[in-house]
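Q: Mind looking over this structure? Questions follow.
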Amino acid sequence: MVTVRPDAPIRRLKGASVAETRSAIVDLIRSSGTISRTELAERSGLTNATISKIVRTLLDDGLVSEVGYAESTGGKRAVLLELNSTAGYAVGVALDTAQDVYVLVDLSGRPIDARSVAGTGTESPEAVVARVARDVAVMLADHGIDRDTVIGIGVAGEGRLDLPGRVLRSTDSWSEWDDFALGHALTAATDLPVTVDNDANCAALGEFWSGRVPSTRDFATVYMATGIGCGLLVGGDVHRGASSNAGEIGHMSLRWDGPPCWCGSRGCLEVLAAPVAVVARARTDAALVARLGIDTTTDGDDARAVTADVRATFARVAAAAVQGDTGALALVEESAEYLARAILNLVNLLDLDEVYLAGPGFATAGERYLRAVQRELHAHAVMRGTHPVHVAMSAVGRDAAALGAAAAVLHARLTRTRAGRG
Ligand SMILES: [Zn+2]
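Position in the sequence shown counted from 1, then plus 83, gives you this note's numbering.
Shown next as structure tokens:
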């Protein structure tokens with residue numbers, strides 16, 4: 084068996100378009116902090132002349148600054164380049180039934196502000212758009228940021244996607260959002276470009292833009308909120324599939340004779356392991372219900388109340404598990420085992436060596452999930468003899484989806500549109 088060392092910058096930039104090359108150079112500068120033209124040439128595999136030309140356009144556009152000199156290595160000292168982080172801003176909005184999160188980031192992806200407000204619940208899409216437009220205007224005003232310097236708004240939504248600009252909601256409670264042109268509506272309300280993506284893709288982009296993962300690595304971010312999704316970064320970009328819905332790990336069928344799932348299949352990861360499943364199981368355990376004071380009566384008509392209730396109950400079960408309640412621990416461990424098995428399949432399918440866990444579902448008992456996944460991959464990943472598979476909690480934390488949505492704006496508009504690809 085041949086082991087291929089991923090010196091991917093060179094491999095990937097061969098045959099790349101001008102826009103892709105410029106995008107990769109912006110990313111190298113961003114992820115390096117400061118870097119010289121010579122280093123850029125070495126790390127990208129491009130000639131010094133090509134690098135000089137690209138850097139000139141980035142300096143002219145004000146995206147990059149020259150910020151001093153590298154340590155002398157005997158010859159002429161090299162000029163260091165840095166991303167001009169205050170040249171622009173992006174807003175990230177994570178829409179969620181229970182809680183919406185807004186973040187403001189600078190050009191480097193560094194968060195300047197993060198706020199959470201009541202979730203979309205049963206509000207109409209039009210009302211949500213009007214509210215988001217107002218909240219974003221207030222956040223920009225609070226920081227004295229001129230709208231002209233805002234590159235765009237990124238929205239992370241639950242559910243499946245119909246790009247560009249529309250989010251198709253996948254459960255009954257979201258039916259009002261089906262076919263609603265969210266991107267267009269928010270652009271009309273804010274006069275800013277809007278990028279729409281699902282929460283898992285955003286979380287993966289957030290990981291990438293936080294500088295933790297270089298653009299040359301392929302990795303997956305598994306995102307758990309009420310359900311479970313997965314964002315795949317391949318070759319420095321989100322892998323989308325035929326209809327922008329790649330990464331539906333929640334519907335990986337793990338038991339052909341398992342409980343039915345709303346998707347029509349059986350034994351899907353989501354019905355076996357997602358917080359909604361754990362909570363349903365907890366509610367059938369009378370002793371656990373009594374011990375944890377779990378409310379078993381919920382108002383079935385209010386989507387926000389139901390989701391908030393699932394989140395709160397799951398957090399209670401997770402906290403009890405961490406504190407050693409055997410009943411709660413058994414439920415969390417079972418969920419973690421299923422998740423670990425699904426991630427094993429994913430890792431084997433794509434030969435991944437990096438996986439991150441993100442989202443509010445991992446907030447309390449994340450370590451339990453992390454250990455279960457690590458154990459499973461260590462024991463059973465097909466390529467474990469060739470390379471280890473690194474699993475970690477997301478560095479971008481609970482605001483991962485909103486931060487990633489802002490990063491999606493930077494990713495789409497900074498590194499591409501400005502390079503002329505639209
Ligand atoms: Zn399913």
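Just so you know, even glycine gets a beta-carbon here, dropped at the ideal spot from N, CA and C.
Here the structure is a predicted model, which means the values were calculated and not measured.
If we ignore side chains and look at the alpha-carbon of each, how far apart do T203 and V389 end up?
A: For T203 and V389, the distance between alpha carbons rounds to 12 Å.
Q: For the region 365-381 against the region 319-331, are there 3 or more C-beta pairs whose distance is under 8 Å?
A: Counting Cβ pairs under 8 Å, fewer than three are found: no touch.
Q: Please identify the residue among A413, S477, I108 whose C-alpha is closest to the C-alpha of C313.
A: Taking only the C-alpha atoms, the option nearest C313 is S477.
Q: Report yes or no: do the region 478-497 and the region 441-449 share at least 3 C-beta pairs separated by less than 8 Å?
A: As far as the Cβ criterion goes, the region 478-497 touches the region 441-449, which means the pair count is three or higher.
Q: If you follow the beta strand (DSSP E) that Y313 is part of, which residue opens it and which one closes it?
A: The residue asked about is misnamed: residue 313 is Cys in this sequence, not Tyr. C313 -> beta strand (DSSP E) spans 311-317.
Q: Beta carbon of Y421, beta carbon of L493: below 8 Å?
A: Cβ distance not < 8 Å, so Y421 and L493 don't count as in contact.
Q: Could you have a look at P358 and say whether DSSP puts it in helix, strand or coil?
A: Three-state result, P358: helix.
Q: When you compare the region 177-185 with the region 231-242, are there three or more beta-carbon pairs, one atom per stretch, that lie closer than 8 Å?
A: Output reads yes: the region 231-242 touches the region 177-185.
Q: With a threshold of 7 Å, establish whether the CB of C313 neighbours any heavy atom of ligand 1.
A: No.
Q: How big is the Cα-Cα spacing for V362 and A411?
A: Distance between the alpha carbons of V362 and A411 is about 10 Å.
Q: With 16 as the cutoff for other CB atoms within 10 Å, does W345 come out buried or exposed?
A: Counting Cβ neighbours within 10 Å, W345 comes out exposed, since fewer than 16 surround it.
Q: For A124 and T130, I'd like the C-alpha separation in whole angstroms.
A: Distance between the alpha carbons of A124 and T130: 6 Å.
Q: Starting from M335, trace the alpha helix (DSSP H) both ways and give me its first and last residue.
A: Neither: M335 is in no alpha helix (DSSP H) and is coded neither H nor E.
Q: If distances are taken between C-alpha atoms only, which option among A220, P194, A357 comes closest to A423?
A: Residue A357 is the option with its Cα nearest to A423.
Q: Between E241 and ligand 1, is the CB less than 7 Å from at least one heavy atom?
A: The answer is no for E241.
Q: Please report how far the alpha carbon of L141 lies from the alpha carbon of D320, in whole angstroms.
A: About 21 Å.
Q: To the nearest angstrom, report how far apart A264 and A153 are at their CA atoms.
A: Their backbone Cα atoms lie some 49 Å apart in a straight line.
Q: On the three-pair Cβ rule with 8 Å, is the region 338-353 touching the region 395-413?
A: At 8 Å Cβ cutoff, the stretches do not touch.
Q: Would G192 and I234 be called neighbours here (beta carbons separated by less than 8 Å)?
A: Their beta carbons are not under 8 Å apart, which means G192 does not touch I234 by this criterion.
Q: Please indicate yes or no: does the CB of S418 lie closer than 7 Å to some heavy atom of ligand 1?
A: Answer for S418: no, Cβ out of range of ligand 1.
Q: Residue range of the alpha helix (DSSP H) that E437 falls in?
A: From DSSP, E437 is part of no alpha helix (DSSP H) but of the beta strand (DSSP E) over 437-441.
Q: So what does DSSP say about Q457, is it helix, strand or coil?
A: In the structure shown, Q457 sits in a helix (DSSP, three-state: H, G or I).
Q: Let me make sure I understand the geometry here. Which of D183, P208, E209, E206 has the alpha-carbon closest to that of R198?
A: Of the candidates D183, P208, E209, E206, the one whose C-alpha sits nearest the C-alpha of R198 is D183.
Q: Tell me which same chain residues have a C-beta within less than 6 Å of the C-beta of V465, skipping the five on either side of it?
A: If we look at V465 and ignore the five residues flanking it on each side, its Cβ neighbours are N431.
Q: Please classify A462 as buried or exposed, where buried requires at least 16 neighbouring CB atoms within 10 angstroms.
A: Under this definition A462 is an exposed residue.
Q: Can you tell me which of T447, A448, A475, S168 puts its alpha carbon nearest to the alpha carbon of L460?
A: If we check each option's Cα against that of L460, A475 comes out closest.
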